[in-house]
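Count along the sequence shown from 1, then add 20; that gives the number in our numbering.
Even glycine gets a Cβ: it sits at the ideal position worked out from N, Cα and C.
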Amino acid sequence: MSTDPTEPNQTLEFVRRAFQQQQDAITRTAESVDAAWADAAQYIAAAHSVVTTGLGKSGFIAKKMSATLNSLRIQSASMHPVDALHGDCGFLTPSDVLVAFSKSGETPELIGFAKHAKTIGLPVVAITARPESSLGALASVAVTIRVPAELDSNGIIPTASTTTMLVVADILSLLASKQRGGTVEDLLITHPQGAIGWSLHQRVQDVMRSGGQLPKVSLQATLTEALSELSGKGLGAVCIVGDEDRLEGIITDGDIRRFVASGKPVEQTRASEVMTSAPVTIQPEALLHEALVLMEQRERQIGVLPVTNGRICVGLIRIHDVVKMSQR
């Protein structure tokens, strides 16, 4: 291990610079987005099968795109350009599309594969830093990546370029899925297991706290009573209900902290004065995936959701319980 005191600083400086270079490549590519993106996504969405290809590090990006497309129920296969020219291209039909990754756009094996694909009748989508290259010239459409520099000192190791290609591949895959009208049902079919599959197959009612575990107090309750219920059930929130258990609001740990910070007396306060009225809710039949989206994909994330059937409060679901159950 080195004892040079300057080495840690140099290491951190390199890491920060590397992150910045990656970010610069993605930002410049985003700033150059043009109509080619829409055309490329349309070719992919309209294809019977999407064949992705690349050589070296670009080949791994091609494989990742193919895997992503398959998970979105868009049939795809990754093909090595050399193998393609030695028999594997028998898989291709004119109703397919070839997506070719090459920073330089001059890789001989890739050019040969793309040319042959065109003779069969396939459109070619090029992902390249040089749209004026041989690959760009023969492509039906070329999506351009902008890479100021690779991360190594010589500027030649595929790093920022492959990162940017990966981002482009993911975006095009999602665009194509959107154009095809992709749904959650598609993901249900392609993700039978794993955390994604679990969240898509389980429903809120399978995880929510209900019955005697549900923390709730009446609209007329004092804040002291609400605090007792919140503390006793230990779920980080208490539901405030009116007649026939209609949900009127919710008090969370965060609401309590803000109230205490205000200096107002607890004893003289009603729960209804502290609650958040008309909170975000979810139905018991909803997929857990929907609950996670409601809790996480918002400007201020929330950790709990009241579960309602109509306006009736029937349960409470916490993000902690969802995560814990998904890890079983």
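Status (buried if at least 16 other CB within 10 Å, exposed otherwise) for residue i
i, result
"glycine 330", "exposed"
"threonine 139", "exposed"
"serine 22", "Only weak support is given to the placement of serine 22: the predicted model assigns it a pLDDT of 49, under 50, and the value that follows is read from those uncertain coordinates. Exposed: under 16 other Cβ atoms inside 10 Å."
"proline 114", "exposed"
"glutamine 30", "exposed"
"arginine 20", "Residue 20 lies beyond the stretch modelled for the chain, which goes from 21 to 348, so this question has no answer here."
"serine 193", "buried"
"glycine 231", "exposed"
"glutamine 95", "exposed"
"aspartate 226", "exposed"
"proline 28", "exposed"
"lysine 198", "exposed"
"histidine 340", "exposed"
"threonine 328", "buried"
First through last residue of the beta strand (DSSP E) which encompasses residue i
i, result
"phenylalanine 121", "117-121"
"glycine 156", "Careful: glycine 156 lies outside any beta strand (DSSP E), inside the alpha helix (DSSP H) at 154-158."
"proline 326", "324-329"
"glycine 175", "Note, glycine 175: premise wrong, no beta strand (DSSP E); not H, not E."
"arginine 290", "Note, arginine 290: premise wrong, no beta strand (DSSP E); not H, not E."
"isoleucine 271", "267-272"
"alanine 137", "No beta strand (DSSP E) holds alanine 137; the alpha helix (DSSP H) holding it covers 128-140."
"threonine 113", "Segment: none, threonine 113 is in no beta strand (DSSP E) and carries neither H nor E."
"isoleucine 332", "332-338"
Whole-Å CB distance - residue i paired with residue j, under 8 Å assumed
i, j, result
"proline 151", "threonine 164", "5 Å"
"leucine 239", "glycine 262", "5 Å"
"alanine 196", "alanine 65", "4 Å"
"valine 167", "threonine 148", "That pair is no contact at about 10 Å."
"leucine 118", "alanine 97", "Not really, about 11 Å apart at Cβ, beyond 8 Å."
"leucine 247", "leucine 336", "Actually they do not touch by this definition, with Cβ atoms about 16 Å apart."
"isoleucine 260", "serine 292", "6 Å"
"leucine 243", "valine 280", "Between valine 280 and leucine 243 the Cβ distance is about 10 Å, and since that is not below 8 Å, they are no contact."
"valine 161", "alanine 56", "5 Å"
"aspartate 172", "threonine 179", "7 Å"
"threonine 257", "valine 343", "Looking at the sequence itself, residue 257 is alanine, so the reference to threonine does not match. That pair is no contact at about 17 Å."
Terminal residues of the alpha helix (DSSP H) in which residue i lies
i, result
"serine 98", "Taken as a continuous stretch (DSSP letters only), serine 98 belongs to no alpha helix (DSSP H), being part of the beta strand (DSSP E) at 96-98."
"glycine 74", "Unbroken run through glycine 74 is the beta strand (DSSP E), 70-74; no alpha helix (DSSP H)."
"arginine 36", "27-51"
"threonine 164", "Per DSSP, threonine 164 belongs to no alpha helix (DSSP H); it is in the beta strand (DSSP E), 161-164."
"leucine 243", "243-253"
"leucine 314", "308-316"
"valine 227", "224-227"
"valine 102", "101-104"
"aspartate 59", "55-66"
Straight-line Cα distance separating residue j from residue i
i, j, result
"proline 128", "methionine 228", "58 Å"
"proline 101", "leucine 130", "6 Å"
"leucine 105", "asparagine 174", "33 Å"
"alanine 306", "glutamine 321", "19 Å"
"glutamate 287", "arginine 277", "15 Å"
"alanine 60", "leucine 155", "15 Å"
"valine 35", "glycine 132", "38 Å"
"proline 25", "leucine 32", "Per-residue confidence for proline 25 stands at a pLDDT of 48, beneath the threshold of 50, marking its modelled position as unreliable; no derived number is given."
"glycine 125", "phenylalanine 111", "24 Å"
"glycine 141", "alanine 298", "57 Å"
"glutamine 222", "proline 326", "17 Å"
"glutamine 62", "serine 91", "18 Å"
"alanine 38", "threonine 72", "28 Å"
"isoleucine 332", "isoleucine 302", "11 Å"
"alanine 189", "lysine 83", "10 Å"
"alanine 159", "alanine 146", "6 Å"
"alanine 241", "threonine 296", "15 Å"
"arginine 200", "glutamine 233", "43 Å"
"aspartate 265", "methionine 315", "23 Å"
"serine 122", "phenylalanine 80", "11 Å"
"arginine 48", "leucine 312", "32 Å"
"serine 69", "serine 78", "20 Å"
"valine 53", "leucine 186", "15 Å"
Residues bridged to residue i (per DSSP)
i, result
"lysine 236", "Cys259"
"leucine 89", "According to DSSP, which records beta bridges pairwise, leucine 89 is partnered with nothing at all."
"valine 144", "Leu118"
"threonine 296", "Ile270"
"isoleucine 302", "Val327"
Beta carbon proximity, residue i to chain C, threshold 8 Å
i, result
"alanine 55", "Looking for chain C here will not work: only one protein chain is present."
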